[in-house]
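In the working numbering, the protein residues as written are 184 to 551.
We put the beta carbon where it would ideally sit given N, CA and C, even for glycine.
Worksheet: one structure, shown below.
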C-alpha cells in the first residue's frame, strides 16, 4: 500500500510556472461575453447567469480572489512599501490613463452626437479624464459619446471595480506594514468577518449604499484569496476539488440569498487554485502574455464602437466581430503600454523610496 505524498498549494507555487495568467484571461473573457447582450440590447438586458448569479458577477469576484492571493505574495516577497506601490501604480495607471485620453481625444470626436463646439466646451467631456484616472465617477462617457447606442452613454462599464481594487491594495499594505495584523491565523478571521458583514448588510439593509455593499463584497473575496496564501503550506492541493464539491451544493440550495455568494466564492476559489497549480503533465501556459487587464477595460468601448458602426447589431455578429477586435486591443495594450511600463517598476520604486526618505528626513530635521 502506497501513501500519496502531501502536496500543498505552497509546494506547487513555482514562480510564474502556473496558470494564474490563463485563469485571469478566462475571467476577463467571461466578463466580456456577458457584456455582449448588454451592449447589443441595452443595460437592462438579461445576463448570462447560473442559479441567479451572472457569470460576469462571479468572474469579478474571481479576479478579487486571485488578486488577494497575488498581492499577499507580492507584499511578503518585496517587503518594501515603495517597491510595492510602484508595481501597483504601473500595473493599473498607464493603461487607464491611455484609455481616458483615447476616449476624449480619439473616440469622442468621432462618435459623439453633439456638435464639435458643444463637445469640446462640455465639462462632461473634460471631467471624464480625472473621473477615470482618479477612480471617481467612471460611469458615463464624454459628452454625447454613444448616446444613441442601446447601452447609451457608457464608455467602459467595467472601470467602476478598479477603485475597489486600489482600496484593497492600500488595506493589504496597511495590514502588512502594521505587522501585528499580518498573521496567518488572522486572515480567515478577517474573511469570516467581512463575509458576515456582507450577508448582514444585504439581508437587513436592502437600501444600503452601493459603496458599502461593494466594499464588503470585494473585501470578502480579496480576503479569501489572502487567506489561501497565508495557509498555502497547510492546504493540500488534492483537497481543493473536495472543498469545491462541498461548497457548490450550498451555493445552489441558497439560490439568490446573499449567503450563497460566500459559498460560491469558496467553491470558485477552490476550483481556481486547483486549476492554477495542479500538475500531472497538464501544460501551464505560463508564457502566455497577460492580456487580461487590457481585455477587461477595452472590450466594452470596442463593442460600443462595433454596434455604432453597424457591425454588431445581433449577439452573434457582436461576438464574431467584437471579440477579435477586443482581443487585439488587449494585445496592443499589453505590448505597447502595460509591459513597457512594468519594466520601469524597479527604477520607479527606487525613486519613490528616495522621495519618501527625503521627506522623512526633512520632517525629522524640522522636529528637532
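Note on geometry: alpha-carbon atoms of residue 361 and residue 425 lie some 35 Å from one another. In this structure, residue 257 lies away from residue 528, with their beta-carbon atoms at least 7 Å apart. Following the DSSP letters along the chain, one finds residue 465 in no alpha helix (DSSP H), marked with neither H nor E. Here residue 405 really is in contact with residue 251; their C-beta atoms are around 4 Å apart, less than 8 Å. The closest CA to that of residue 283, considering only 339, 507 and 354, is found on 339.
Contact between the stretch 197 to 213 and the stretch 443 to 462 is established, with three or more Cβ pairs separated by less than 8 Å.
In the three-state scheme derived from DSSP, where H, G and I count as helix and E and B as strand, residue 322 is classed as coil. If you look at residue 294, you'll find it in the alpha helix (DSSP H) that goes 291 to 294.
Positions of the alpha helix (DSSP H) runs, each at least 4 residues long and wholly inside the stretch 303 to 372, are given as 306 to 316 and 345 to 361 in order along the chain.
In the DSSP assignment, residue 286 falls outside any alpha helix (DSSP H), carrying neither H nor E. Taking the CA atoms as reference points, residue 346 sits about 18 Å from residue 478.
Take the alpha-carbon of residue 300 and the one of residue 310: they are about 16 Å apart.
Between residue 307 and residue 322, the beta carbon gap of about 12 Å keeps them out of contact (Cβ cut-off 8 Å). Using a 10 angstroms sphere on the CB of residue 490, the tally of other CB atoms reaches 16 or more, which defines it as buried.
Listed in chain order, the non-local C-beta contacts of residue 244 below 8 Å within the same chain comprise 400, 401, 404, 444, 447, 448 and 451, local neighbours out to five positions each way being set aside. Annotated three-state conformation of residue 236 is strand, per DSSP. Contiguous alpha helix (DSSP H) elements confined to the stretch 474 to 509 occur at 475 to 491, taking only those with 4 or more residues. Spanning the alpha carbons of residue 268 and residue 363 requires a straight line of approximately 21 Å. Counting along the chain, the unbroken alpha helix (DSSP H) around residue 193 starts and ends at 192 to 195. In the structure shown, the three-state DSSP call for residue 424 is helix. The beta carbons of residue 254 and residue 367 sit about 16 Å from each other, so the pair does not count as a contact at 8 Å. Separation of the CB atoms of residue 474 and residue 534 is rounded to 28 Å, and the pair is thereby denied contact status at 8 Å. Residue environment for residue 295: buried (at least 16 other C-beta atoms within 10 angstroms of its C-beta).
Taking C-beta atoms under 8 Å as the contact rule, residue 386 and residue 441 qualify, at a distance of about 6 Å.
Of the residues assessed, residue 218 falls on the buried side of the cut-off, its CB having 16 or more other CB atoms within 10 angstroms.
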